[in-house]
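In order, the protein sequences belong to chains A and B. Going by the numbering used here, the first sequence opens with residue 1, and the numbers climb by one from there. Going by the numbering used here, the second sequence opens with residue 422, and the numbers climb by one from there. Ideal Cβ positions, reconstructed from N, Cα and C, are used throughout, including at glycine. Everything numeric in this text was worked out from a predicted model, so none of it was measured.
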Amino acid sequence: MNFHVIGVNHNSAPLEVRERLAVSESQLPDAIRSLVQLPGVDEGMVLSTCNRVEVLTSTKQGADLRRFLGEYFRLSADALNGHIYEFQQREAVRHIFRVAASLDSMVVGEPQILGQVKEAYAVARGLGAVHSSLEALLSRAFAVAKRVRSETAIGGFSVSIASVAVQLAEKIFGSLDNKTVYLVGAGEMAELAARHLVAHGAKDVIISNRTHARAVELAESFGGRTVPFDQLYETADHADIILTSTGAAEPIFRREHGERLLKGRRNRPVFFIDIAVPRNVHPDVNRLDGIFVYDVDDLKAVASDNSAERRKEAERAEKIIELEVDRFALRMKSLAVVPTILSLQEYCETIRQAEIDRIRGRLGSITPEQEAAIEAMTRGIINKLLHTPITTLKSSTDHPEAATIHEMIRRIFNLNSKPKE
Amino acid sequence: MLPLFWLRVALSLYGVGLLYALASFVGGRKVLTRITLPAVGLGMVFQFVSLVENAMSNETWTPTSMHGMESLLAFVLMVFFFVIYARYRATSPGLAVFPLVFWLTFSASSYAEPTEPSAPLFVSAQWIYIHVALILIGYSALFFSFIASILYLIQERNLKSKAGMSGIWSRLPALATIDEIGFKTLIWGFPFMTLGLISGSIVAEARFGSKYFADPKILLSVAMWVVYMVLLYTRWSAGWRGRRAAYLATFAFGAAVLAWAANNFSQTHRFIAP
């Protein structure tokens, strides 16, 4: 088997490219189904967050994932060139571990990514697109992420997108006391950011969401109020901070909306935090005097002001990842010998059964105790004979000639020929 | 001359402020940060001493020369700076105030005072005293409002360019704080400026009759006052900030500087009467 990952993230591709590759929640099952139908792909999953779109597969002989991306998203090879990264095998394992452990995140150590990976995994698993190898890889990745979180202080630096947003809001408004936050879209990320803003003094929270029930639910937990989505523009000028996170394909706020907003607010500043990909706020809005628009990439740039201590913790985390990659590779190799061990045992068991059947007639009537003794003796012989080949197979997984030893044993016992039936 | 000596002491202390402002633009102001405020504060005290001694030797509180006026304006600017600092903990206005104060004090101290102890005053000295005090406070307020609008522009650009939390402008106060400083100084300055102009008119009316109005200094002052009012009005009614407010403030400030400079060619407004 072969792990293969291809994708774009906040480092490799600008927002414009990521926007075109973003897979919405409703689109996700379709994307996964198309992926596993690709020739050569055994298992597959798709991870799409604000900062990354990744396709992870397990294949036998490899598959043309680049072509898949191009065809599925109707993008030319040129549009993707230079923006895509691709990892195989060990590198792919390392990459997935790093992503899950939030080492590849825009804001290193931010906690949301693990939940997002888990969600993507759950969707793919629900569709039967993840079952054996990827299952093993992902469950290991979750364990590694947990280990990194508990053994390093990387998550302790709460410099998440949310706290960067708070810092910026304070640069604009001085203090957040009595400020009003407007949530447009009510995803988890938006909720988190809103909680940060409220914890720093923001007073009112207004929530507008396409699915009104979700807005109501969130409003209850904040003590905020809801506004039907179709009244968004009429009510937006109440807000000092507008946090957008909807899955809309086109910007919700364009220049004319910004102008209207400023008029309604008598030119008091507005801070847009746009964490949606594709963006909910058109870049032109930032050109208006008194409106400040920060999208995910901008927040990243602000957040990347890393402290030395954070780098040190990141290095420790990378070491853990390296160890875990080694361990996982070893485990995958020992998994590879499992079928051989099983067929070896099966092969000997068939012989044993056949021999017992053959001599049974000659033995005449025997007592159950005698029969049990014969069973025990033949089993004992087989186990003793197989002991060395099996332990050799198991212990040689990290031997440079592991593959040769493996193949040799298969040939000696004639395990490669198809069972006769 | 003792007043001049104290003024020169003040000047050297203001020099620290000037260095601080200059160092800010090259990035290294760490060491200066701690000593600047005490230094300029002390400078302000010596300037006050100089002003008092000068007034006592001239037997009037009203500055009797351009240089006396410069020194008084520098002092009022420093008072403004410290009031704003006490309220907002903002040192950024110092970047503009310190060089100006230094320059004003330098100019005031670099010429030997033409000793004219009893410049002939034609109108009641009290009126002139009130006029000068009001106008200087108005000028200072306008200057601070002007600085604030420039800082607002810089901070706005800074936030819009997404430069982040580093760089030389990262220590500017929050946008809302700068805005408040600008607006409050504008509001506080306006009555002073208005009353200052009115008191000036009363003095001039009594001295020259109605023809005083055709003087360039008077016209410039009135123009400045009108821009000042427009500035207040647009801010108050439409909430103008940022670029538009900065243009207006620049314009008003430019008019104020010209009005100040107009002493040199004004017929009616001289510190030492013709």
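9 Å Cβ cutoff, residue i in contact with chain B
i, result
"A239 (chain A)", "no"
"S105 (chain A)", "no"
"Y430 (chain A)", "Residue 430 (chain A) falls outside the range modelled here, since chain A spans only 1 to 421, and no answer is possible."
"R18 (chain A)", "no"
"K454 (chain A)", "Limits of chain A in this structure are 1 at one end and 421 at the other, which puts residue 454 (chain A) out of reach."
"P400 (chain A)", "no"
"S163 (chain A)", "no"
"D30 (chain A)", "no"
"N280 (chain A)", "no"
"V108 (chain A)", "no"
"L168 (chain A)", "yes"
"N286 (chain A)", "yes"
Test: residue i CB closer than 9 Å to a CB of chain A
i, result
"K583 (chain B)", "yes"
"A595 (chain B)", "yes"
"A677 (chain B)", "no"
"R510 (chain B)", "no"
"R712 (chain B)", "Absent from the structure is residue 712 (chain B), since the part of chain B shown begins at 422 and ends at 695."
"E577 (chain B)", "yes"
"G663 (chain B)", "yes"
Residue i vs residue j beta-carbon contact at 9 Å
i, j, result
"N286 (chain A)", "V184 (chain A)", "no"
"T205 (chain A)", "A194 (chain A)", "Correcting the residue type first, residue 205 (chain A) is Val in the shown sequence and not Thr. Going by C-beta atoms, V205 (chain A) is nearer than 9 Å to A194 (chain A)."
"L197 (chain A)", "A236 (chain A)", "no"
"E491 (chain B)", "L423 (chain B)", "no"
"G663 (chain B)", "T615 (chain B)", "no"
"A77 (chain A)", "R66 (chain A)", "yes"
"G675 (chain B)", "S642 (chain B)", "no"
"A495 (chain B)", "L516 (chain B)", "no"
"G7 (chain A)", "L35 (chain A)", "no"
"E577 (chain B)", "G174 (chain A)", "no"
"F87 (chain A)", "V5 (chain A)", "yes"
"V227 (chain A)", "I241 (chain A)", "no"
"G438 (chain B)", "V518 (chain B)", "yes"
"A165 (chain A)", "I273 (chain A)", "yes"
"A667 (chain B)", "I571 (chain B)", "yes"
"I356 (chain A)", "I374 (chain A)", "yes"
"G441 (chain A)", "D64 (chain A)", "No answer is possible for residue 441 (chain A): it lies beyond the span of chain A, which begins at 1 and ends at 421."
"A314 (chain A)", "G109 (chain A)", "yes"
"R94 (chain A)", "V325 (chain A)", "yes"
"A659 (chain B)", "F567 (chain B)", "no"
"V302 (chain A)", "Q167 (chain A)", "yes"
Beta carbon proximity, residue i to chain C, threshold 9 Å
i, result
"L580 (chain B)", "Among the protein chains of the structure shown, namely A and B, there is no chain C."
Residue i burial status per 10 Å Cβ neighbour count (16 or more: buried)
i, result
"A677 (chain B)", "buried"
"S158 (chain A)", "Legend: pLDDT at S158 (chain A) = 45, less than 50; position of this residue unreliable, value from coordinates given subsequently. S158 (chain A) should be labelled exposed."
"M189 (chain A)", "buried"
"K300 (chain A)", "buried"
"P251 (chain A)", "buried"
"L218 (chain A)", "buried"
"L323 (chain A)", "exposed"
"T211 (chain A)", "exposed"
"P400 (chain A)", "exposed"
"E25 (chain A)", "exposed"
"M465 (chain B)", "buried"
"M332 (chain A)", "buried"
"N209 (chain A)", "buried"
"R18 (chain A)", "buried"
"M408 (chain A)", "exposed"
"G603 (chain B)", "buried"
"N9 (chain A)", "buried"
"M377 (chain A)", "exposed"
Whole-angstrom C-beta distance between residue j and residue i, which should lie under 8 Å
i, j, result
"N51 (chain A)", "S105 (chain A)", "7 Å"
"I275 (chain A)", "L344 (chain A)", "Contact flag wrong, Cβ pair sits at about 55 Å."
"L425 (chain B)", "S530 (chain B)", "6 Å"
"S556 (chain B)", "G489 (chain B)", "The displayed chain sequence assigns Ile, not Ser, to residue 556 (chain B). Their Cβ separation, rounded to whole angstroms, is 14 Å, which puts I556 (chain B) and G489 (chain B) out of contact at 8 Å."
"A120 (chain A)", "G44 (chain A)", "Actually they are not in contact, since the Cβ atoms of A120 (chain A) and G44 (chain A) sit about 11 Å apart, beyond 8 Å."
"T526 (chain B)", "L428 (chain B)", "7 Å"
Exercise for review: Return the residues of the region 630 to 660 of chain B that lie within a Cβ-Cβ distance of less than 7 Å from chain A, sorted by chain order.
Suggested key: A659 and G660
Review point. When Cβ atoms are compared, which residues of the region 597 to 627 of chain B fall closer than 7 Å to chain A?
Key: A597 and T598
Practice item. Would you list, in chain order, the members of the region 257 to 271 of chain A that have their beta-carbon closer than 7 Å to a beta-carbon of chain B? Key: R266, N267, R268 and P269
Point to revise | Interface positions of the region 206 to 220 of chain A facing chain B (Cβ-Cβ less than 9 Å), listed along the chain | key: none
Review point. For the region 545 to 562 of chain B, which residues have a beta carbon sitting closer than 7 Å to at least one beta carbon of chain A?
Key: Result list empty, no residue passes.
Exercise for review: Using a Cβ-Cβ cut-off of less than 8 Å, give me the residues of the region 64 to 78 of chain A that come near chain B, in sequence order.
Suggested key: none
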